[in-house]
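Read top to bottom, the protein sequences are chains A and B.
If you're matching positions, the first sequence starts at 38 in my numbering and goes up one per residue.
If you're matching positions, the second sequence starts at -18 in my numbering and goes up one per residue.
Beta carbons: idealized from backbone N, C-alpha and C, even for Gly.
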Amino acid sequence: MNFDLSEEQEAIAATVRHILAKEIDGARRLDALSSTNDHDVLLWKSLVGCGVAGIVAPESRGGSGLGLLEAALVAQEIGGAAAPVPYWGHTLACLAIAAGGTDEQRARWLPGLATGELLGTVALAERGGHWLPSEWELVTGDALHGSKVFVPNVAAADLFVVGLAGGSLAVVEAGPRLQTTPVAGSDRTRNGGEVKFAGVLAEVLPAADAEAVVDAGLVLLAADAFGGAEACLERSVEYSLTREQYGVPIGSFQAVKHQLADVAVELEQSRALWWYAAHAWDALPHARLRAAMLAKMHLADLYVRASRTAVEVHGGLGFTWDFDLHVWVRRAVYDQAFLCDSRRLRQLLAADAGWCDPRDEGVPVRFESINRSEVQEWK
Amino acid sequence: MDLKLTADHERYRQEVVGFLDEHWNGLNQCDRADPDQLRAFRDAATAAGLLYRSVPRRFGGSEQPADIVKLYVIHEEFARSRAPREVPGNGVNNLVPTLLERGEEWQRERFIPHTLTGKYLWCQGYSEPGAGSDLASLTTTARLDGDEWVINGQKIWTSFAAESSHMYVLVRTEPAQPRHLGLSYLLLEMSRPGIEVRPLRQMTGEMQFNEVFFDDVRTPADWVVGERGHGWSVSRSTLKHERNSLGSSARSEALFGSLVELARVVELHGRPAIEDSVVRDRLAALDARVSAQRWSGYLQLTRAAADRLPGRIGLTNKLMSTFIAHEIAAVAQIILGDHGLFAFEDGQRGPERWFGQIFGSLGFSIAGGTSNIQRNIVAERGLGLPRMGVAS
């Protein structure tokens, strides 16, 4: 039994952390909030340079062939640095194509995605908060018509993995019949927007599992939230050791200590939750769905709390625009709302656990909850 | 990452299951409650290396090489069969490890074997009316008179003092020394003249803890553990065993399971409480915390098995268990609704029995180091924030 990171896994996190620490500072983070660029192109280039773009793409297609746990460790570091890079959508697009594409499709798209020459993203949500495969209504015949919302990095992506009714996935390349409209969001380090398909060619990924892609997305968000919350705590500790009031560091006041200790307890005790969710995605299919939802719900809520506590501990400085702490508050709001907010995930979890009367209207389901009895058997 | 046990440990699990099948699973309810049967079972389990693994054989233990994963397997399988493990209480959990670390050989021989069998039951004489979290300010004294210590003063919130045969007690023996350096760790018999135990009723209505008064109580001069004046550090070696225990979600999981069951059987507005959207929401949130605690336990087990330090997480286990117990109490209260207006007593079987947990969970944040003291420990030792003005 071994439930800890390997040296290689720790090294991946350390490498990404090192690059980010070297390249990004408060000013650059704040730049993202007023920039008209989709993302920080130079920063993304640096990450691409150490293999981040192809982390989940197979080695035979120029990637690293690593699992979701490794990918989530990268997400943790990006969250910690609040880095304005298009990692989430790109990584999910790679996963979807690697797992669901034909050999020909994989050969066509993965090498470009793995080297970062192509930027991928996923178009999942539909208007009305319809994040889940069971709620998607977009259908494709000869050509794809309709729209998707909350699409990450919509202005820069070359390739879109699009969720379709019935839970299938298709790839659409950027082109004249694909109209993208960036929407000003609360978290400008992760821009996105709407995409309209006006009769574009959509290539279905025949073996795609949209539920698995959603779960991977939840795990990456959970890891981002953990990294962000950890950074908020670290910054708060550092500040409370140096900021003096009444002639002593504010970190010597019990009120401050207890605020930070409460965050530290929740944080320390939730790292294993997203590790498990990532491990389940990689190796324990029967546990994947529930673990992913638990992790994203719990970590995003914790992130909101940790980032708000951090602002409070930083006092007036924390509330100042030119001090970059509010970037983490924004990212926490994003993590909590994106790909099903926490309240919604708790509804889904309750339905999955059989705590609801299934005839209740408005109780959402995920495709796999319905077949849970079958799923249970291959435990 | 790999959550499966090695083949060796899986084989070991089969051995443990085999032992339980042979010695426990066949017993009926009546046998299981019989003290002689219990003793025979524990003897057999010790002989098989399943209990008292870190205690040398010459003191009645089974002296097994440290293997935290085997220990985990034993705990799991004993829990599954509802088989009793080591004799519960302060003696086995605190005094025995303290004697093994700091006691003299004759003290170990004299006290450990009877403690392991449950013949000696120990209470812990730490807290005083004026010394709770600030334990080092305690004022109960002992002075040496010939070959005996003479103890005067008072202890309070002493659990199970009325049922105990012995006490390990922290007393001030060097009044001229500064706070922490003036204490000694003594052992004494509760039957000694001059001891008066007055039971205190807890807010749950139970009578588990007590006041203990000392009026010229005598105990032999050599019943001191460690040197005189070193009692503080001796007592810390005990607390360390309490706090350093690996995080375990066993209790949280059992409680959470009962809570879900409660939500299924109690009705709110004519439908099972579990279908109420507020109850569901809170249960799902709790599920995440309990799951997080479970995998945190795996993480700490992995590190302990590899002889690696647990890191900051080791300081947070007690607080997390407390947070969960409090949230379970809060959700239970929502589920109980109007049932909360009825009186409840020990032994009640209806939903009202949950008031034992609702009230009892408050004890979690006090016993064994209050939650606020735990927060100080996390902040100071875990986060490196400045220590309080007073040494802690």
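**OP:** Starting from the Cα of S273 of chain A, find the closest Cα among A:A207, A:G264, A:G288 and A:L103 and give me that residue.
**Re:** A:G288
Original post:
I think S140 of chain B touches Q189 of chain B, with their Cβ atoms under 8 Å apart; what is that distance to the nearest whole Å?
Top reply: 5 Å
Original post:
If you measure from the beta carbon of N225 of chain B to each beta carbon in chain A, is any gap under 8 Å?
Top reply: Note that N225 of chain B scores 47 on pLDDT, short of 50, meaning its location in the model is unreliable and no value can be drawn from it.
Original post:
Among A:R403, A:A180, A:N74 and A:L278, which residue has its Cα nearest to the Cα of A235 of chain A?
Top reply: A:A180
**OP:** Tell whether a beta-carbon distance below 8 Å holds between G374 of chain B and T122 of chain B.
**Re:** This structure cannot settle anything about residue 374 of chain B, because the visible part of chain B is limited to -18 through 373.
Subject >> Distance, Y149 of chain B Cα to E177 of chain B Cα >> reply: 16 Å
Original post:
Would a check of beta-carbon distances place V50 of chain B closer than 8 Å to chain A?
Top reply: yes
Original post:
Which of the three DSSP states, helix, strand or coil, is assigned to Y149 of chain B?
Top reply: strand
Subject >> 7 Å Cβ shell around A324 of chain A - same chain, five flanking residues per side excluded >> reply: A317
Original post:
Would you say L162 of chain B and G210 of chain B are within 8 Å of each other, going by their C-beta atoms?
Top reply: yes
Original post:
What number of angstroms, rounded off, separates the C-alpha of L155 of chain A from the C-alpha of G149 of chain A?
Top reply: 5 Å
Original post:
Which residue from A:R308, A:G63, A:I115 and A:L67 puts its Cα closest to that of I49 of chain A?
Top reply: A:I115
Original post:
Under the three-state reduction of DSSP, which class applies to V241 of chain A: helix, strand or coil?
Top reply: strand
Original post:
Is R252 of chain B helix, strand or coil by DSSP?
Top reply: strand
**OP:** Mind checking which residues open and close the alpha helix (DSSP H) that includes W312 of chain A?
**Re:** R308 to A320
Original post:
What residues of chain B sit near V274 of chain A, judged by a beta carbon separation below 8 Å?
Top reply: Within chain B, the residues near V274 of chain A are L364, G365 and L366.
Subject >> Chain-ordered neighbours of L280 of chain B on chain A, where CB pairs are closer than 8 Å >> reply: F40, D41, R308, A309 and W312
Original post:
Considering only the beta carbon of each residue, do N283 of chain B and D41 of chain A sit closer than 8 Å?
Top reply: Checking the displayed sequence, the identity of residue 283 of chain B turns out to be Thr instead of Asn. Going by beta carbons, T283 of chain B and D41 of chain A fall inside the 8 Å limit.
Original post:
In chain order, what residues of the same chain have a beta carbon less than 6 Å from the beta carbon of I354 of chain B, not counting five sequence neighbours either side?
Top reply: S114
**OP:** Take the Cβ of H55 of chain A as the centre, count every other Cβ of all protein chains shown within 10 Å, and call the residue buried at 16 or more, exposed below.
**Re:** Label assigned to H55 of chain A: exposed.
**OP:** Report the three-state DSSP secondary structure of F290 of chain A (helix, strand or coil).
**Re:** It is coil, neither helix nor strand.
Subject >> Rounded C-alpha distance that separates I339 of chain B from A311 of chain B >> reply: 7 Å
Subject >> Three-state secondary structure assigned by DSSP to H167 of chain A >> reply: strand
Original post:
Does A117 of chain B have its Cβ less than 8 Å from a Cβ in chain A?
Top reply: Interface annotation, A117 of chain B: not in contact with chain A, CB-CB separation never under 8 Å.
Original post:
Comparing the C-beta of R54 of chain A with each C-beta of chain B, is any distance below 8 Å?
Top reply: no
Original post:
Short check: CB of T52 of chain A to CB of G99 of chain A, under 8 Å?
Top reply: no
Original post:
Along the chain, where does the alpha helix (DSSP H) that runs through A123 of chain B open and close?
Top reply: From DSSP, A123 of chain B is part of no alpha helix (DSSP H) but of the beta strand (DSSP E) over T122 to D126.
Subject >> W312 of chain A burial status per 10 Å Cβ neighbour count (16 or more: buried) >> reply: buried
Original post:
Can a CB atom of chain B be found closer than 8 Å to the CB of A48 of chain A?
Top reply: Output row for A48 of chain A: interface = no.
Subject >> Any C-beta of chain A under 8 Å from that of R356 of chain B >> reply: Contacts with chain A at 8 Å (Cβ-Cβ) include R356 of chain B.
**OP:** Return the chain-ordered list of same chain residues with a C-beta closer than 7 Å to the C-beta of I93 of chain B, the five sequence neighbours on each side being excluded.
**Re:** V36, F40, G41, V77 and L80
Subject >> D299 of chain A: contacting residues in chain B (beta-carbon distance under 9 Å) >> reply: L300, F304, R356 and V359
Original post:
What are the boundary residues of the beta strand (DSSP E) that includes G157 of chain A?
Top reply: G157 to A160
Original post:
Can you find at least 3 beta carbon pairs, one from the region 117 to 125 of chain A and one from the region 72 to 92 of chain A, that sit closer than 8 Å?
Top reply: yes
Subject >> 7 Å Cβ cut-off: residues of chain B touching V302 of chain A >> reply: Chain B residues near V302 of chain A: T297, L300, M301 and V359.
Subject >> Among A:L206, A:R143 and A:R345, nearest to V93 of chain A - alpha-carbon criterion >> reply: Nearest C-alpha to V93 of chain A: A:R143.
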